[in-house]
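Taking it in order: structure first as structure tokens, then the write-up.
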Amino acid sequence: MKRVYVEDLSRHTGEQVEIAGWLYNQRGTAKLRFLLVRDGSGIVQCIAAKNELGEGLFALARSLTQETSLAIRGTVRADERAPGGYELLVTDLAKINDAHDYPITPKEHGTPFLLDRRHLWLRSKKQHAMLRIRHELIWAIRDFFNNRGFICFDTPMFTPNAVEGTTDLFAVNYFDTSAYLTQSGQLYAEAGAMAHGRVYTFGPTFRAEKSKTRRHLTEFWMVEPEVAFIDLDGLIELAEEMTVYIVERVLERRCNELADLERDTAPLEAIRRPFPRLHYDEAAEILVEYAKQHPDEGGVEFKHGDDFGGRHETILSDPYHRPVFITHFPAQIKPFYMKRDPDRPDCVLGFDMLGSEGAGELIGGSVREDDHDTLVQRIREHDLPMDAFDWYLDLRKYGSVPHGGFGLGLERTITWLSGRPHLREAIPFPRMLYRMRP
RNA sequence: UCCCCAGUAGCUCAAUUGGCAGAGCGGGUGACUGUUAAUCACUAGGUUGGCGGUUCGAGUCCGUCCUGGGGAGCCA
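Heads up: the first sequence begins at 2 in the numbering used here, then just goes up one per residue.
So, in structure tokens, the structure goes:
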């Protein structure tokens, strides 16, 4: 008999097939049971009728509990009453293994309870949908860069020093010395760009910041393209094209998953190039004015020179129904490697991209300082250990060129696309300040 | 690190001013041949996060600790 996956059942209407999976839920009467069976590719309703199966098999079907693993044979048929439009009329079934007292019931549960059982929560419909969207996004990002002549350039997880001296790092034992887990592959990607012209690094990064918000993980994934011979406009264009590409791709291939998540896709379908661009000076003006007009609202105070908080990002992106770029941030709030604007030496040639619908910062990027002596001066100004950057400075000694890149936070982007309130569901096993199990 | 909030049955929650600790779901038993988180009946299930205090009496008030959640700072 033909073994098929649930997602392919519509192509086997009228045929006898076998599926193997787990019992998601069952309901019904003393003579007719509706078994919802999931096999990883989807969920199908299987009809177990007493007069078809006989006493023994029907009693077995009725005794099956949630998450019992099983194999079912039956006839595929289309039926409007079945969730998904297709169902399986059961002719034979076999239990593979029992599941007693499965803790995640079809009713509601609190997030701490579910996170403690993340290894099981992954089986639930919405979590299943989230991680399929994650898969699609990773695939789309790789396709986007691969199709444009970028080389995948993997950078190390172990690093001897901080990229940005200010941020907390995870220290680990490294034989007789210590190392840090990377917080960005960027500096190494710059070396890659000087070798290959266009590269991207895609992997996990680690931040030991004691952040306890819906936008933070201690371990998260980031894609960082780095391009030789590119300017600020070129970088923003690249970010814009990538964003439009991945949004379209998820809408096209994962509409079922978005539906399972009850995501209203209209705001995503409305996203078109170009995205609005705001100079930091304009953004600061908007925020100062907003704070003036909303004196009772807490957390909106702002003065020129400040960095944005979560609330500020929402105020800035609210008027637009597409992502927004903020450019030319003040140099004193940005890292040492960002190149200054020659016309405005107090500003950097950098940008952030804020997602629509209050998603916050999804992308941060910049043109890099390419002059050796200026970079040395910046390292001194930021009080960073010069000897840790000798190899990085070599990139400016041997044929330095204008270049730049950006980083996209994968989980934040998944959260934005899926319309969920918290990014912890965007990764199989989230690592947070007070949560490292399972 | 700081600020705010929460902790009561396996889960989600209720309990008036300090006065007999409850419901729904899940589990168990039974009824039902088209259910959509099926429905209905019956049933078992509790050291109210820990310790200490106030009180005739504390789930409720006070102190303290623990655990978790949200936010700030910082960031993707």
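Quick reminder that beta carbons are idealized off the backbone N, C-alpha and C, glycines included. The structure displayed is predicted, hence computed values, not measured ones.
Task: Buried/exposed call for GLN340, threshold 16 Cβ in 10 Å - done: Locating residue 340 in the first sequence gives position 339, counting from the first residue. The displayed chain sequence assigns Lys, not Gln, to residue 340. When all chains shown are included, LYS340 counts as buried.
Open item on the list: Please give me, in chain order, every unbroken run of the beta strand (DSSP E) with length at least 3 that falls completely inside the region 61-149.
Closed with: 70-79, 87-98
- [ ] State the DSSP-derived secondary structure class of GLY198, mapped to helix, strand or coil.
- [x] By one-based count along the first sequence, residue 198 stands at place 197. Residue state, collapsed to three classes: coil.
TODO: Go ahead and label GLN333 buried or exposed: buried means 16 or more other beta carbons lie within 10 angstroms of its beta carbon, across all protein chains shown.
DONE: Mapped onto the first sequence, residue 333 falls at position 332. Classification for GLN333: exposed.
Open item on the list: Suppose you measure from the CA of GLU225 to the CA of ASP232; what does that come to, to the nearest Å?
Closed with: Start at 1 with the first residue of the first sequence, and residue 225 comes out as number 224. Start at 1 with the first residue of the first sequence, and residue 232 comes out as number 231. So the two alpha carbons sit approximately 16 Å from each other.
- [ ] Please work out which residues of its chain come closer than 7 Å, Cβ to Cβ, to ARG135, disregarding the five sequence neighbours upstream and downstream, and give them in chain order.
- [x] The residue you call residue 135 lines up with position 134 of the first sequence. So the qualifying residues of the chain are ILE415, ALA427.
Task: Rounded straight-line distance, which links the Cα of GLU241 to that of LYS127 - done: Here residue 127 refers to the residue found at position 126 when the first sequence is read from its first residue. Here residue 241 refers to the residue found at position 240 when the first sequence is read from its first residue. Roughly 29 Å separates the two Cα atoms.
TODO: Could you please give the first and the last residue of the uninterrupted beta strand (DSSP E) stretch that includes THR416?
DONE: Stepping through the first sequence from its first residue, residue 416 is reached at position 415. Looking at the DSSP string, THR416 is not in any beta strand (DSSP E); the run it does join, the alpha helix (DSSP H), is 411-419.
Task: Run of the alpha helix (DSSP H) containing THR214, from where it starts to where it stops - done: Reading the first sequence from its first residue, position 213 is the one you call residue 214. Taken as a continuous stretch (DSSP letters only), THR214 belongs to no alpha helix (DSSP H), as it is neither H nor E.
Open item on the list: Please tell me whether PHE146 and THR202 are closer than 8 Å, where the distance is taken between their beta carbons.
Closed with: Locating residue 146 in the first sequence gives position 145, where the first residue counts as 1. Locating residue 202 in the first sequence gives position 201, where the first residue counts as 1. At the C-beta level, PHE146 and THR202 stay beyond 8 Å of one another.
Task: Coil, strand or helix - GLU16 by DSSP - done: Counting from one through the first sequence, the residue named residue 16 turns up at place 15. Of the three classes helix, strand and coil, the one that applies to GLU16 here is coil, per DSSP.
Task: Three or more C-beta pairs below 8 Å linking the region 87-98 and the region 34-53 - done: Yes, the region 87-98 touches the region 34-53.
Task: Residues near ALA172 in its chain [Cβ-Cβ closer than 7 Å; skip 5 each side] - done: Counting from 1 along the first sequence, the entry for residue 172 is found at position 171. Excluding sequence neighbours, ALA172 sits near SER179, TYR181.
Task: Given HIS295 as reference, the closest of ARG312, GLU283, THR160, HIS373 once Cα atoms are compared - done: Sequence index remark: in the first sequence, residue 295 carries index 294 (1-based). Per the Cα distances, ARG312.
Task: At least 3 beta-carbon pairs within less than 8 Å: the region 197-217 vs the region 372-384 - done: Contact between the region 197-217 and the region 372-384 is not established, with fewer than three Cβ pairs separated by less than 8 Å.
Open item on the list: Can you give me the C-alpha to C-alpha distance between ILE20 and GLU258, rounded to a whole angstrom?
Closed with: Locating residue 20 in the first sequence gives position 19, counting from the first residue. Locating residue 258 in the first sequence gives position 257, counting from the first residue. Cα to Cα, ILE20 sits roughly 21 Å from GLU258.
Open item on the list: DSSP three-state label for PRO296, please.
Closed with: Position 295 of the first sequence, counted from the first residue, corresponds to residue 296. Residue state, collapsed to three classes: coil.
Open item on the list: Going by the DSSP bridge assignment, what does ARG273 pair with across the sheet?
Closed with: Locating residue 273 in the first sequence gives position 272, counting from the first residue. DSSP output for ARG273 lists no bridge partner at all.
Task: Helix, strand or coil at PHE159 according to DSSP, with G and I counted as helix - done: In the first sequence, counting from the first residue as 1, residue 159 sits at position 158. Secondary structure at PHE159: strand, using DSSP grouped into helix, strand and coil.
Open item on the list: Quick check: what's the CA-CA separation for TRP392 versus TYR189?
Closed with: Along the first sequence, read from residue 1 onward, the residue named residue 392 stands at position 391. Along the first sequence, read from residue 1 onward, the residue named residue 189 stands at position 188. Rounded to the nearest angstrom, the two C-alpha atoms are 10 Å apart.
Open item on the list: If you follow the alpha helix (DSSP H) that TYR393 is in, where does it begin and where does it stop?
Closed with: Stepping through the first sequence from its first residue, residue 393 is reached at position 392. Element bounds for TYR393: 391-398.
Open item on the list: With three or more C-beta pairs closer than 8 Å as the rule, is the region 116-132 touching the region 245-264?
Closed with: yes
TODO: Pick helix, strand or coil for ILE231, following the three-state DSSP scheme.
DONE: In the first sequence, counting from the first residue as 1, residue 231 sits at position 230. Three-state DSSP puts ILE231 in coil, outside helix and strand.
Open item on the list: Quick check: the Cα distance between THR167 and SER185, rounded to an integer number of angstroms?
Closed with: Mapped onto the first sequence, residue 167 falls at position 166. Mapped onto the first sequence, residue 185 falls at position 184. Residue placement at THR167 is flagged as unreliable, the pLDDT there being 47, under the threshold of 50; the coordinate-derived value follows with that caveat. Going from the Cα of THR167 to the Cα of SER185 covers about 13 Å.
- [ ] Count the C-beta pairs between the region 13-33 and the region 57-74 that are closer than 8 Å, then say yes if the count reaches three, no if not.
- [x] yes
Open item on the list: Quick check on DSSP: helix, strand or coil for LEU24?
Closed with: Here residue 24 is taken as the residue at index 23 of the first sequence, counted from 1. LEU24 falls in the strand class under three-state DSSP.
- [ ] Starting from the C-beta of ASN26, find all residues in its chain whose C-beta is less than 7 Å away, skip the five residues before and the five after it, and write them out in chain order.
- [x] Mapped onto the first sequence, residue 26 falls at position 25. Same-chain partners within the cutoff: LEU37, GLN67, PRO107.
Task: Through-space distance from ASP344 to HIS217, alpha-carbon basis - done: The residue given as residue 217 occupies position 216 in the first sequence. The residue given as residue 344 occupies position 343 in the first sequence. The straight-line gap from Cα to Cα measures roughly 35 Å.
Open item on the list: Within the continuous alpha helix (DSSP H) that includes GLY440, where are the two ends?
Closed with: Only positions 2 to 439 of the chain appear in the structure, and residue 440 is not among them; the question remains open.
Open item on the list: I need the boundaries of the alpha helix (DSSP H) containing ALA260, first residue and last residue.
Closed with: Stepping through the first sequence from its first residue, residue 260 is reached at position 259. 256-261 is the span of the alpha helix (DSSP H), which, as asked, contains ALA260.
Task: N-terminal and C-terminal residue of the beta strand (DSSP E) that GLY473 is part of - done: Summary: the structure shown does not reach residue 473, with the chain confined to residues 2 through 439, and so no result is reported for it.
TODO: Leaving out five residues on either side along the sequence, give the residues of the same chain with a beta carbon under 6 Å from the beta carbon of VAL289.
DONE: What you label residue 289 is simply residue 288 of the first sequence in a count that begins at 1. Cβ within range, chain order: PHE303.
Task: Neighbour-count burial assignment, VAL7, 16 or more Cβ in a 10 Å radius - done: Locating residue 7 in the first sequence gives position 6, where the first residue counts as 1. Counting Cβ neighbours within 10 Å, VAL7 comes out buried, since at least 16 surround it.
Open item on the list: Just verifying my parser: in three-state terms, what is the DSSP assignment at LEU434?
Closed with: Within the first sequence, residue 434 is the residue found at index 433, counting from 1. Coil.
Open item on the list: The alpha helix (DSSP H) that contains GLN378, what's its start and end?
Closed with: For this step, residue 378 is matched to residue 377 along the first sequence. GLN378 -> alpha helix (DSSP H) spans 373-382.
TODO: Put LEU54 into one of helix, strand or coil per three-state DSSP.
DONE: Here the question's residue 54 lines up with position 53 in the first sequence. Looking at LEU54 - three-state DSSP - the assignment turns out to be helix.
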